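Enquirer: Next up is a structure, given as C-alpha cells.
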Amino acid sequence: AANQVGAASNNAELYRLIRDQAERLGNLLRAQQVETTKNRAILEGIADGVLVADADGLIILLNSAGERILRLERAAVLGRPIGEFVGLYGAAGRAWIEAITRWSLDPGSYTPGEAFSQRLELEDQRILAISLAPVLTGDEYLGSVSLIRDITREVEVDRLKSEFVTMVSHELRTPITPIKGYADMLLMGAAGQLAPLQSKFIEVIKNNADRLNLLVNDLLDISRIEAGRVEVRLQTINLNEIISSVLDTLRVRSDESGKAMTLTAEVAADLPAVRGDYNRVTQVIGNLAENAFNYTPPGGTVTLQARPEAAGREVVVEISDTGVGIPAEAQPRLFDRFFRGEDALVMATSGTGLGLSIAKELMEMQGGRIWLERSAPGQGSTFAIALPTALVEAEAGA
Ligand code: ADP
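Structure below.
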C-alpha cells in the first residue's frame, strides 16, 4: 500500500510538472503568435512595398502595398524565385538581382550600412525607387528585404520645378539684354552728354543688370544640369591654352576695375593633353579664378598651376590666391547650392553661391574631380581640379 501511495504521489508530481511545462510553452507560443501577427500587421500597414526573399532567393513575403505597386498577385509570387519576376524590369532589375546574388554567395562582401538603391522606370511610365538590404546574422545570409516606393509623383513635381526655373530664367534673360544695351549707349553719350551724377546712376543700373545676368545664367545652368540637358563633348584638350585665356580675362578685369593684382601661371613644360569638354573646363577654371580674384584684396596674387599627377594618368590644375581664405566650419559646405561665406569681402561681392556647385557637377560629368586643397582665414585658398589625360582615356576605350 505504501508503495502504491508513493507511486501515485510521484505520478501526481510528474503530471503537474508536465502541465506546467505545457502551459508555459502554450504561453510562449501565443506570445510569439501575437508578435508575428503584430509584425505582419505593421508590414501590411506601411505604405511602401516590402518584398522579402529567403537565402535561396525564394520570395517569402510581399505586403499589400508591394502587390499594389508592383501590380503582382501575392499568391502568384510567393515561393517563386525572386529572379524570375525581377528580370521583367530590364537593366535595373538585373542590377537588383546581381546585388542579391552577390550577398548570398559572399555575405562578407556586404559592408554594414551599405544599401542598394535603384530607380525602375516601368512601361506604364511609373517610376519606382527600390532599396535593398541583406538580412544577416553574423556571417550567415538569411535573405534580403526590398523596399519599393512609387515615386512617380515626386519625379514629376521635380521635373515641373526644373521646367519652371528654366522658363523663368529664360524669360528674365530677355529684358536684361536691352537694359544693359541701352545703359551702355547712354554711357557712351549716344543720347547726349551726361552730367556726372547721371553717369553715376546709369553705371549703377548697368552693374545691377550685370549682376542679374550672372544670377540668371547660374540658374539656367543649374536647371539644365538637373534636367539632364547639359551635354559634355569630350575631346582632347590643351589646358595650357585654357589657363592663358582665363588669365587674359582676369587681366582685363583687373585693368577695367582698377584692382591691381599679380596674376601668374606655372604650367609644367611637358603637360600632357587631357580629355574634357573645352568650354566646360574653361567655365570651371574661369569660375575658380574669378572667385580667387574676387575674394582677394587688391595687391594680392592669383596663381594658376598645372602639372601631371598619378604617374601621368591625370593632370591637376591648382588655383591659388592670397585672399581672405575660408574658415574650417564653412569648408564642408562650399560645394552646396546657394552657399555663400560671411566674410566682409564676400558679402560685398555680388554672387549667387551657385558657382562651385555647378563646377562640381560639370567636373563629375567629365569624369574629373574638384576639391578644396587648403585654405585658412587670412591665408588664402587653393582649389584644385583633376582630369584624366588623353592617353589614359584612349587605353580605357581600347
Ligand atoms: P559665389 O562666388 O557666387 O558666392 P561660389 O559657389 O563660387 O559662389 O562660392 C561659394 C562661397 O565659397 C563663396 O561665397 C565664398 O564664401 C567661398 N569661396 C569660394 N572661393 C573662394 C576663395 N578663392 N577664397 C575665399 N572664399 C571663397
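Sequential numbering from 12 applies to the sequence shown in our numbering. Glycine included, every Cβ here is placed at the ideal spot set by N, Cα and C. Bear in mind the structure is a predicted one, so any value in this text is a computation, not a measurement.
1. Taking the alpha carbon of V278 as the reference point, which residue from N302, V295, G297 and N251 has its own alpha carbon closest?
2. Are there any heavy atoms of the ligand FMN lying less than 8 Å away from the beta-carbon of D354, as far as the coordinates show?
3. So what does DSSP say about T148, is it helix, strand or coil?
4. Go to G203, then tell me how far its beta strand (DSSP E) extends in each direction, as first and last residue.
5. Between the alpha carbons of A387 and D67, how many angstroms are there, rounded?
6. Do A64 and I70 come within 9 Å of each other at the CB atom, strictly closer than that value?
7. Note down, in chain order, each residue of its chain lying with its Cβ closer than 7 Å to the Cβ of A409, except the 5 sequence neighbours on either side.
8. Tell me the DSSP bridge mates of E55?
9. Would you give the residue range spanned by the beta strand (DSSP E) that V97 belongs to?
10. Can you say whether R286 is buried or exposed, counting buried as having 16 or more other CB atoms within 10 angstroms of its CB?
11. Would you be able to state if there are at least three C-beta pairs under 8 Å between the stretch 91-102 and the stretch 37-49?
12. In or out: A33 buried (at least 16 other Cβ within 10 Å) or exposed?
13. Would you call P399 buried or exposed, if buried means 16 or more other Cβ atoms sit within 10 Å of its Cβ?
14. Let me see if you follow: with CB-CB separation under 9 Å, is A86 close to chain D or not?
15. What do you reckon, is the C-beta of D150 under 8 Å from a heavy atom of the ligand ADP?
16. Could you name each continuous beta strand (DSSP E) segment of 3 residues or more that falls completely within the stretch 279-339, going from the start of the chain to the end?
17. Report yes or no: do three or more beta-carbon pairs, one from the stretch 178-186 and one from the stretch 226-233, lie closer than 8 Å?
18. Mark I141 as exposed unless 16 or more other C-beta atoms lie within 10 angstroms of its C-beta, in which case mark it buried.
19. Have a look at the DSSP bridge pairing and note the partners of A276.
20. Measuring only the C-alpha atoms, how far is A52 from F96?
21. Out of E375, G389, W114 and D150, which one is the CA nearest neighbour of F144?
22. Less than 6 Å between C-beta atoms, sequence neighbours within five positions excluded: which residues of the same chain meet that for V257?
23. Between L158 and D259, how many whole angstroms is the CB-CB distance? I'm expecting something under 8 Å.
24. From this set, A238, G366 and L139, which residue's C-alpha is nearest Q294's C-alpha?
25. Could you check how far apart the C-beta atoms of R317 and V328 are, in whole angstroms? I think they sit under 8 Å.
26. If the criterion is Cβ atoms closer than 9 Å, does the pair L245 and G378 meet it?
27. Considering only their Cβ atoms, is the gap separating L131 from Y100 smaller than 9 Å?
28. Mind checking which residues open and close the alpha helix (DSSP H) that includes V215?
29. What do you reckon, are the CB atoms on V156 and V61 nearer than 9 Å?
30. Using only the alpha-carbon positions, how far apart do E372 and I236 sit?
31. How long is the line joining the alpha carbons of A110 and D117, rounded to whole angstroms?
32. When the Cα atoms are used, what is the spatial distance from L356 to I254?
33. When we look at the beta-carbon of Y306 and count the other beta-carbons within 10 Å, is it buried (16 or more) or exposed?
34. Determine, using beta carbons only, whether D347 and A303 come nearer to each other than 9 Å.
Expert: Looking at the coordinates:
1. Considering only alpha carbons, the answer is N251.
2. This structure simply doesn't include the ligand FMN; it includes the ligand ADP instead.
3. strand
4. Where G203 is concerned, there is no enclosing beta strand (DSSP E), given that its DSSP letter is neither H nor E.
5. 55 Å
6. yes
7. Caution applies to A409, whose pLDDT of 46 falls short of 50 and renders its modelled position unreliable; the value that the coordinates give is listed next. Cβ within range, chain order: n/a, list empty.
8. Per DSSP, E55 has no beta bridge partner at all.
9. Here V97 belongs to no beta strand (DSSP E); instead the alpha helix (DSSP H) covers I93 to V97.
10. Under this definition R286 is a buried residue.
11. A contact between stretches requires three or more CB pairs, one per stretch, nearer than 8 Å, and the stretch 37-49 fails this requirement with the stretch 91-102.
12. Flag for A33 reads exposed.
13. buried
14. No chain D appears in this structure, which consists of one protein chain only.
15. no
16. 285-287, 312-320 and 325-332
17. Contact between the stretch 178-186 and the stretch 226-233 is present, because at least three Cβ pairs lie under 8 Å.
18. buried
19. L315
20. 25 Å
21. The amino acid occupying residue 144 in the given sequence is Ala; Phe does not appear at that position. Comparing Cα positions, the closest option is W114.
22. I296, G297 and A300
23. Between D259 and L158 the Cβ distance is about 54 Å, and since that is not below 8 Å, they are no contact.
24. G366
25. The question names Arg, but residue 317 in the sequence shown is Ala. Yes, they are in contact, since the Cβ atoms of A317 and V328 sit about 5 Å apart, within 8 Å.
26. The answer is yes: Cβ separation under 9 Å.
27. yes
28. P207 to E237
29. yes
30. 8 Å
31. 11 Å
32. 25 Å
33. buried
34. At the C-beta level, D347 and A303 stay beyond 9 Å of one another.
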